[in-house]
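In full-length UniProt numbering, the protein residues as written are 1 to 519.
Cβ coordinates follow ideal geometry from the N, Cα and C atoms, glycine included.
Source: prediction; values computed, not measured.
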C-alpha cells in the first residue's frame with residue numbers, strides 16, 4: 001500500500017508546544033512511525049504491524065486519510081466533552097469533600113461546645129448541692145446550738161436560785177432566832193431538795209451532739225470510678241458520589257419551563273395516614289420528604305420533636321429538637337434546617353446523631369425555611385428573607401414587603417424565591433437577590449400558607465380556610481385547582497414537593513397526611 005504524506009510548515013513556537021503534547025507517533029512494538037489506521041480495531045499501526053497482525057483486516061487505510069479533518073471530528077468533540085465532564089465531576093467531588101471538611105469542623109465545634117456546657121452544668125449542679133448542704137449544716141448547727149443554750153439557761157437559773165438559798169441560810173444562821181433557824185432549815189431543805197431533783201431529772205436526759213458529714217455514694221463513685229467525661233464517637237459512613245457520564249450529559253437538553261408541564265400535571269393518591277401523638281396535641285405546621293422517601297412532619301407543640309414516617313405511612317421514630325419547631329428544610333439525607341417560630345432562632349441538625357451543626361439567633365420570630373444550592377433561606381418577622389450559608393453566616397437580607405407580618409412560608413428553586421402572603425392574599429415570586437418576577441392573586445386565595453415548587457418552577461400552594469391545593473404556572477399567569485375538601489383537605493397548612501421522587505406531601509393541621517405521585 002502506497003502511503004502519501006502532506007507536509008505543512010509551522011512556526012518554531014508552535015513546534016515547541018507540540019513537543020509538550022503527550023502523543024506517541026511511533027509503534028511500541030516495531031519502533032517505526034505510524035503510517036496506517038485499522039478501522040476494525042480502531043488503532044494506528046506501522047507498516048510492520050500490517051502483515052503480522054492486521055493482514056486479515058478488511059478496512060485498513062492510510063493514517064493521513066484517517067486523520068483528515070481530525071480537528072473537526074466528533075471523536076475530538078467527545079474527548080473534549082469527556083475531559084470537561086471529568087473536570088466538572090472532580091470539581092464537584094472536591095467541593096463535596098470541602099463541604100464535608102467544613103461540616104466536620106462544625107460538628108467538632110458543636111461537640112466541644114457541648115462538652116463545655118456539660119462541664120458548666122456539672123459545676124453549677126455541684127455548686128447548688130454544696131450550697132444546699134451548707135444551708136442544711138447551718139440549720140442543724142443552729143438547732144443543736146439552741147438546745148445547748150436552753151440547757152445552759154436552765155442550769156444558770158437553777159444555780160442562781162440555789163446560791164440565793166445559800167445566802168439566805170447563812171444570814172439565818174447568823175442573825176436568826178432558834179425558832180427561825182428551826183423552821184427555816186426545814187423549809188430551805190425542802191426547796192433545795194426540789195431543785196436538786198429537778199436538776200438530776202434534767203441532766204439525766206441531756207443530749208450531746210456531734211456534727212459530721214457523709215458523702216453521697218454516687219459522688220464517691222464519681223471520684224473513684226468515673227475516669228472520663230464521656231466518649232467521642234466517630235461514625236463512618238460509606239457514600240457514593242455519582243460520576244456524571246459525558247455521553248449522558250451530552251444527551252441532556254437545557255430545560256426551559258413551558259406551559260405543557262403545567263397543563264398535564266395531575267396527582268395520584270399514593271398513601272393516606274393519620275399522624276398520631278398519644279401524649280400531645282397535633283398541630284402540623286411543616287413537612288418534608290427525605291432522599292430515601294421518608295417523610296418528616298413538624299408537630300408545632302410542646303413535645304419538641306419532628307416525627308419521621310415511611311413512604312407507606314408507617315411510624316418510624318421521633319427526632320428530638322431543642323424546642324417547639326415551626327418549619328423544616330431538607331438539606332440532604334443526613335441534615336435538615338429547623339426554624340423555631342417565636343423562640344427566635346434556627347438550627348442546622350444532623351438527623352442521625354441529633355448533633356446541632358449550627359445555631360443562629362434572631363431578635364424576631366423565625367418562620368418558613370428553605371434550602372437551595374448550599375444556602376438557607378428563612379423568613380424572619382420584621383426583617384424579611386434572610387440568606388445564610390451552612391455555618392449560619394448571614395449573606396443577604398431581602399426586606400421590604402417580605403418583612404410583613406403575614407408572610408410565613410417560603411420555597412426556592414435554582415434562581416427563584418417564592419412566598420405566600422396570607423394578610424394580602426398574594427403569592428410572591430422574586431429573584432435570589434429580591435427583584436420582583438411576578439405577583440399572583442386569585443379569588444380562591446383566602447389564607448395561603450404552605451408553598452413548594454416543581455422542576456419547571458410551577459408552584460404548589462395550600463389555602464387553609466378554602467381547603468384546597470392550587471398550582472400556579474411558572475410565569476404566574478395561570479392557575480388550577482388540584483385538590484379540595486372533597487379530597488380530604490381540612491385546614492391544610494404545609495405542602496412539600498420532592499423533585500427527584502416526584503412526590504407531593506400535604507398535611508392538615510390536625511394530622512391527616514396525604515402523599516401523592518405527581519404524574
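Would you list the residues sitting across from residue i in a DSSP beta bridge?
i, result
"residue 387", "377 and 396"
"residue 111", "Bridge partners of residue 111: none, in fact."
"residue 512", "274"
"residue 438", "429"
"residue 347", "338 and 359"
"residue 309", "295 and 315"
"residue 403", "According to DSSP, residue 403 bridges with nothing at all."
"residue 460", "452 and 471"
"residue 329", "337"
"residue 131", "Paired residues: none, contrary to the question."
"residue 288", "296"
"residue 44", "37"
Give me the Cα-Cα distance between residue i and residue j, rounded to the nearest whole angstrom.
i, j, result
"residue 370", "residue 478", "24 Å"
"residue 514", "residue 220", "56 Å"
"residue 510", "residue 283", "6 Å"
"residue 512", "residue 77", "54 Å"
"residue 293", "residue 446", "31 Å"
"residue 43", "residue 378", "58 Å"
"residue 404", "residue 236", "45 Å"
"residue 126", "residue 349", "30 Å"
"residue 251", "residue 351", "The predicted model places residue 251 with a pLDDT of 39, which falls under 50 and marks its position as unreliable; any figure quoted below should be read in that light. Roughly 36 Å between the two C-alpha positions."
"residue 187", "residue 169", "10 Å"
"residue 347", "residue 469", "29 Å"
"residue 183", "residue 165", "14 Å"
"residue 428", "residue 231", "49 Å"
"residue 99", "residue 280", "38 Å"
"residue 124", "residue 132", "12 Å"
"residue 249", "residue 113", "At residue 249 the pLDDT is 44, less than 50, meaning the model places this residue with poor confidence and gives no usable figure here."
"residue 603", "residue 128", "Here the chain covers residues 1 to 519 and nothing more, so residue 603 does not appear."
"residue 96", "residue 444", "44 Å"
"residue 26", "residue 37", "13 Å"
"residue 234", "residue 311", "30 Å"
"residue 305", "residue 313", "18 Å"
"residue 255", "residue 500", "Confidence at residue 255 is low in this model, with a pLDDT of 49, below 50, so the placement of that residue should be treated as unreliable; the coordinate-derived value is given next. Spanning the two alpha carbons is a distance of roughly 15 Å."
"residue 523", "residue 94", "The question about residue 523 has no answer, for the chain in this structure spans 1 to 519."
"residue 229", "residue 218", "15 Å"
"residue 162", "residue 172", "15 Å"
"residue 345", "residue 271", "33 Å"
"residue 505", "residue 290", "11 Å"
"residue 406", "residue 374", "27 Å"
"residue 359", "residue 143", "51 Å"
"residue 503", "residue 381", "30 Å"
Given a cut-off of 8 Å on the beta-carbon distance, is the pair residue i and residue j in contact?
i, j, result
"residue 325", "residue 309", "no"
"residue 518", "residue 267", "yes"
"residue 452", "residue 420", "no"
"residue 330", "residue 288", "yes"
"residue 480", "residue 467", "no"
"residue 508", "residue 489", "yes"
"residue 140", "residue 215", "no"
"residue 342", "residue 322", "no"
"residue 319", "residue 354", "yes"
"residue 61", "residue 54", "no"
"residue 29", "residue 49", "yes"
"residue 357", "residue 110", "yes"
"residue 422", "residue 449", "yes"
"residue 296", "residue 516", "no"
"residue 439", "residue 426", "yes"
"residue 471", "residue 262", "yes"
"residue 122", "residue 158", "no"
Comparing the CB of residue i with every heavy atom of the ligand NAD, is any distance shorter than 7 Å?
i, result
"residue 371", "The model depicted lacks the ligand NAD and carries no ligand whatsoever."
If residue i and residue j are in contact, beta carbons under 8 Å, what's the gap, nearest whole angstrom?
i, j, result
"residue 59", "residue 33", "That pair is no contact at about 21 Å."
"residue 385", "residue 417", "6 Å"
"residue 434", "residue 398", "4 Å"
"residue 474", "residue 498", "Contact flag wrong, Cβ pair sits at about 18 Å."
"residue 362", "residue 338", "Actually they are not in contact, since the Cβ atoms of residue 362 and residue 338 sit about 14 Å apart, beyond 8 Å."
"residue 222", "residue 151", "41 Å between Cβ atoms; not a contact."
"residue 47", "residue 35", "6 Å"
Any beta carbon from chain C within less than 8 Å of residue i's own beta carbon?
i, result
"residue 273", "Of the protein chains in this structure there is only one, and it is not chain C."
Does the region 84-93 come within contact of the region 58-73, defined as at least 3 CB pairs closer than 8 Å?
-> no
Per the contact definition of three or more C-beta pairs closer than 8 Å, is the region 488-500 in contact with the region 301-308?
-> no
Would you call the region 110-125 and the region 187-203 in contact, with 3 or more CB pairs under 8 Å?
-> no
Taking three-plus beta-carbon pairs below 8 Å as touching, is the region 384-399 in contact with the region 97-109?
-> yes
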